[in-house]
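Novice:
In the numbering used here, the protein residues as written are 8 to 72.
1) Closest to residue 15 by C-alpha separation, out of 24, 36, 45, would be which residue?
2) As a quick exercise: from 72, 35, 46, pick the residue whose alpha carbon is nearest that of residue 9.
3) In this structure, how does DSSP classify residue 34 when only helix, strand and coil are distinguished?
4) Would you mind giving the Cβ-Cβ distance between residue 56 and residue 62, rounded to the nearest angstrom? I have them listed as a contact below 8 Å.
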């Protein structure tokens with residue numbers, strides 16, 4: 008048997024997926040992230056920017072200048 012992980016983009020999609028699983032009598036688990044999705048997106052976007060060379064480097068000695 009396979010495990011499927013879905014990432015609904017909004018509450019409507021989540022409700023629809025839960026309804027389908029219940030109708031088909033499929034067991035499912037839900038977990039809530041302790042982080043705000045908007046915050047997570049900002050962090051991931053920032054990491055992507057650094058990978059693409061859009062970040063800056065500050066030496067430790069220059070932090071308080």
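Glycine residues also receive a C-beta, built at the ideal position from the N, C-alpha and C atoms.
Specialist: So, to answer that:
1) Nearest option by C-alpha distance: 24.
2) 35
3) coil
4) The Cβ separation is near 6 Å, so the contact holds.
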